[in-house]
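Chemist: Starting off with a structure, shown below.
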Amino acid sequence: MGPAQAQGGEWNIPMAEADDRLACVPVDDKDSDSLNQQPWTKNFIGLDDAQQYNRGTFEAGSKIGDPVTIAVIDSGVAKEREDVFGSRLLEGFDHWDAASKGQCDAFYHGTAVAAIAAGGALDENFIGVAPEANILPIRIFQNDEDGGDENKSRLLADAIRAAAEQGADVINTSLVVLPTTELQEAVDAVIAEGVVIVAATGNETKFMEDPDLEFKDQGFYPANYPDVIAVGAHNETGNWYDKTNYGENIDLLAPGQNVSFPFAGGEWQSASGTSFAAPFVAGAAALLKAEFGAEATPAWIQKRLQETAIHPPNGFNVYQGYGVLNVKDALSAPIADPGEITSTDVGMAPVEDQTSGPPLTEDERDAIAPLDPDYDPLRTEKTVAWASVGGALVLIALVLVLKKVIPKGRTRRWRPGSREIDRLPVKVDSA
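Written out as structure tokens, the structure reads:
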């Protein structure tokens, strides 16, 4: 790899070797589609309600009034989609083409991720999670054939450090690589600086703690680092997306199957994968930063998203993590300990049973229960409670009725059981 090269600022990321450098050619619209219906994802995660509180501009803390910055480390973000990003697409970095400054997408992936995290209104059919946030594009892969080997892991480590140096508040990595010392150190350093890292777990249905996996098959980092917010995918009904890599470090599920997004070349496209689930959570992390201040720590944001998720039974399992992303409650639910917001030591969300047993067989995975956005873990208890209240009200009403009826009956010399069936009272015609 060649030396770092300035691209709208000093970037401590190496450029590709001179022979490998290539001008980025924007993707065309031949693979685009029209959008026939409102994307299902918006309502599922409570986005409209959440955006009543915040849309990606700091409301508290040292950066009040400024937009949150989300770094998208990916395949670049298409500046041609000004209708989606407006002026919020910053100058970034391109590993192969310094002139593009990350604002070119020859694939589609990075543009999709950025739009989900922070896209604006588009014909009233689309809006990202944090539509007032800035986007910092960093292009380190060109297409889905770029391998996640050790060299790519080291390049990602440099990109993560550089994103923080360039002012990122949240970093989204919808890519998976092998674990390296450089990547671990970069993740630790950036999180210690207060930057949230959100990562997709990947799409190979791997158990990330499998002790029998060879090193070359451990391509699910940085998601599998505990302090990174690891995101798996679910579909329109809350079912676990069955290609999701899973394990003890998975935090949340977010929409990731049949997800519609603005296409880099124009119009729309739909795709599936944890890549598209992660930016929903990155956008939610940006809203939390914006609402509670830049000083809100990655540890607290991670715990907050865990606590407010739509939980599976027992609160956690290796497939669904702490449950389905719930942006509305993340922004609006009461905070038990406000002091935790700026704490780096808040722990994980409490659950009934952190251990979820060995991974299920392929056939058994169909038994993983879907998580309904209207799901309430106390639904049964509340139903019983309301039934008890209803019964009590009926009893009170009956007592009140009898309190009026019985005295009137006595004034008419009526006693229970004394009326003869064949001598029913007849109304006398007053005429």
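Numbering (the numbering used here), first residue to last: 13 to 443.
Backbone N, C-alpha and C fix where the C-beta goes; we use that ideal spot for every residue, glycine too.
1. According to the neighbour-count rule (16 or more other Cβ atoms, all chains shown, within 10 Å of its Cβ), is residue 154 buried or exposed?
2. For residue 140 and residue 58, I'd like the C-alpha separation in whole angstroms.
3. Around the Cβ of residue 314, are there at least 16 other Cβ atoms within 10 angstroms (buried) or fewer (exposed)?
4. When we look at the beta-carbon of residue 358 and count the other beta-carbons within 10 Å, is it buried (16 or more) or exposed?
5. Look up residue 361 in the DSSP assignment and say whether it is helix, strand or coil.
6. Quick one: using the 10 Å Cβ neighbour count with 16 as the cut-off for buried, is residue 3 buried or exposed?
7. Just reading off the alpha helix (DSSP H) that residue 55 is part of, what are its end residues?
8. Between residue 262 and residue 312, how many whole angstroms is the CB-CB distance? I'm expecting something under 8 Å.
9. Spatial neighbours of residue 38 within its chain, please: CB distance less than 8 Å, with the 5 preceding and 5 following residues excluded, ordered by chain position.
10. Please name the residue or residues paired with residue 333 in a DSSP beta bridge.
11. For residue 66, name the three-state secondary structure that DSSP assigns.
12. Identify, in the order they occur along the chain, each residue of the same chain with its Cβ nearer than 6 Å to the Cβ of residue 122, setting aside the five sequence neighbours on each side.
13. Helix, strand or coil for residue 26, going by three-state DSSP, please let me know.
14. With 16 as the cutoff for other CB atoms within 10 Å, does residue 373 come out buried or exposed?
15. By the three-class DSSP mapping on this structure, what secondary structure does residue 280 have?
16. If you run the structure through DSSP and keep just helix, strand and coil, what is residue 356?
17. Whole angstroms are fine: how far does the CA of residue 42 sit from the CA of residue 360?
18. Pair every Cβ in the segment 158-172 with every Cβ in the segment 294-307, then say whether three or more of these pairs are closer than 8 Å.
19. Just the Cα atoms here: how many angstroms apart are residue 78 and residue 375?
20. Let me make sure I understand the geometry here. Which of 233, 208, 339 has the alpha-carbon closest to that of residue 214?
21. Any idea which residues DSSP pairs residue 45 with across the strands?
22. Note the first and the last residue of the continuous beta strand (DSSP E) segment covering residue 83.
23. Measure the Cβ-Cβ separation of residue 195 and residue 165 and say whether it is below 8 Å.
24. Please state whether DSSP places residue 32 in a helix, a strand or coil.
25. How long is the line joining the alpha carbons of residue 30 and residue 36, rounded to whole angstroms?
26. Drop a sphere of 10 angstroms on the beta-carbon of residue 152, count the other beta-carbons inside from all chains shown, and report buried for 16 or more, exposed for fewer.
27. Looking at residue 150 and residue 130, is the spacing between their C-beta atoms short of 8 Å?
28. Quickly, what does DSSP pair residue 148 with across the bridge? List them, please.
29. Can you tell me whether residue 161 is helix, strand or coil according to DSSP?
30. Determine which residues share a DSSP beta bridge with residue 338 and list them.
31. What does the alpha-carbon distance come out to for the pair residue 224 and residue 254?
32. Which partner residues of residue 120 appear in the DSSP bridge assignment?
33. Per DSSP, what kind of secondary structure is residue 267 in: helix, strand or coil?
34. Once the 5 residues before and after residue 81 are set aside, which same chain residues still bring their CB inside 6 Å of it?
35. According to DSSP, which residues form a beta bridge with residue 184?
36. Around the C-beta of residue 249, are 16 or more other C-beta atoms found within 10 angstroms, so that it is buried, or is it exposed?
Modeler: If we stick to the structure as given:
1. For the purposes of this step, residue 154 is identified with residue 142 of the sequence shown, where counting begins at 1. The residue is buried, with at least 16 neighbouring Cβ atoms inside 10 Å.
2. By 1-based counting over the sequence shown, the position of residue 140 is 128. By 1-based counting over the sequence shown, the position of residue 58 is 46. Approximately 12 Å between the Cα atoms of the pair.
3. In the sequence shown, the residue the question calls residue 314 occupies position 302. Buried, because 16 or more other Cβ atoms sit within 10 Å of the Cβ of residue 314.
4. Here residue 358 corresponds to residue number 346 of the sequence shown, with the count starting at 1. Flag for residue 358 reads buried.
5. Here residue 361 refers to the residue found at position 349 when the sequence shown is read from its first residue. In this structure, residue 361 counts as coil in the three-state DSSP scheme.
6. The chain is shown from 13 up to 443; residue 3 falls before or after that span and cannot be answered.
7. Stepping through the sequence shown from its first residue, residue 55 is reached at position 43. It spans 53-56 - the alpha helix (DSSP H) in which residue 55 sits, taken as one unbroken run.
8. The residue you call residue 262 lines up with position 250 of the sequence shown. The residue you call residue 312 lines up with position 300 of the sequence shown. 19 Å between Cβ atoms; not a contact.
9. Mapped onto the sequence shown, residue 38 falls at position 26. The residues are 90, 92, 116, 117, 118, 276, 277.
10. Here residue 333 refers to the residue found at position 321 when the sequence shown is read from its first residue. Partner(s): 329.
11. Mapped onto the sequence shown, residue 66 falls at position 54. Residue state, collapsed to three classes: coil.
12. If you number the sequence shown from 1, residue 122 lands on position 110. Excluding sequence neighbours, residue 122 sits near 84, 86, 87, 88, 89.
13. By 1-based counting over the sequence shown, the position of residue 26 is 14. Residue state, collapsed to three classes: strand.
14. What you label residue 373 is simply residue 361 of the sequence shown in a count that begins at 1. Looking at its Cβ environment, which holds fewer than 16 other Cβ atoms inside 10 Å, residue 373 is exposed.
15. The residue you call residue 280 lines up with position 268 of the sequence shown. Residue state, collapsed to three classes: strand.
16. Here residue 356 refers to the residue found at position 344 of the sequence shown. Residue state, collapsed to three classes: coil.
17. Residue numbering aside, residue 360 sits at position 348 when the sequence shown is read from its first letter. Residue numbering aside, residue 42 sits at position 30 when the sequence shown is read from its first letter. If you take the alpha carbons of residue 360 and residue 42, they lie about 46 Å apart.
18. no
19. Against the sequence shown, residue 78 aligns to sequence position 66. Against the sequence shown, residue 375 aligns to sequence position 363. Going from the Cα of residue 78 to the Cα of residue 375 covers about 50 Å.
20. As a first step, residue 214 must be located in the sequence shown, where it is residue number 202. Considering only alpha carbons, the answer is 233.
21. For the purposes of this step, residue 45 is taken as residue 33 along the sequence shown, with counting starting at 1. Beta-bridge pairing links residue 45 to 280.
22. In the sequence shown, the residue the question calls residue 83 occupies position 71. Segment 81-86, the beta strand (DSSP E) holding residue 83.
23. Translated into positions along the sequence shown, residue 195 becomes position 183. Translated into positions along the sequence shown, residue 165 becomes position 153. The answer is yes: Cβ separation under 8 Å.
24. In the sequence shown, residue 32 corresponds to position 20, counting from 1. Here residue 32 sits in helix by DSSP.
25. Here residue 30 refers to the residue found at position 18 of the sequence shown. Here residue 36 refers to the residue found at position 24 of the sequence shown. Straight-line Cα distance between these residues: approximately 15 Å.
26. Here residue 152 is taken as the residue at index 140 of the sequence shown, counted from 1. With 16 or more Cβ atoms within 10 Å of its Cβ, residue 152 is classed as buried.
27. Along the sequence shown, read from residue 1 onward, the residue named residue 130 stands at position 118. Along the sequence shown, read from residue 1 onward, the residue named residue 150 stands at position 138. Against a cut-off of 8 Å, the Cβ pair of residue 150 and residue 130 comes out as no contact.
28. Residue 148 sits at position 136 when you count from the first residue of the sequence shown. For residue 148, which the question treats as bridged, DSSP gives the partners 83.
29. For the purposes of this step, residue 161 is taken as residue 149 along the sequence shown, with counting starting at 1. Three-state result, residue 161: coil.
30. The residue labelled residue 338 in the question sits at position 326 within the sequence shown. DSSP lists no partner for residue 338.
31. Here residue 224 refers to the residue found at position 212 when the sequence shown is read from its first residue. Here residue 254 refers to the residue found at position 242 when the sequence shown is read from its first residue. Spanning the two alpha carbons is a distance of roughly 21 Å.
32. Within the sequence shown, residue 120 is the residue found at index 108, counting from 1. For residue 120, which the question treats as bridged, DSSP gives no partner whatsoever.
33. In the sequence shown, the residue the question calls residue 267 occupies position 255. Reduced to three states, the DSSP call for residue 267 is strand.
34. By one-based count along the sequence shown, residue 81 stands at place 69. Excluding sequence neighbours, residue 81 sits near 146, 148, 179, 180, 181.
35. Counting from one through the sequence shown, the residue named residue 184 turns up at place 172. Residue 184 is bridged to 84, 210.
36. For this step, residue 249 is matched to residue 237 along the sequence shown. Burial call: exposed.
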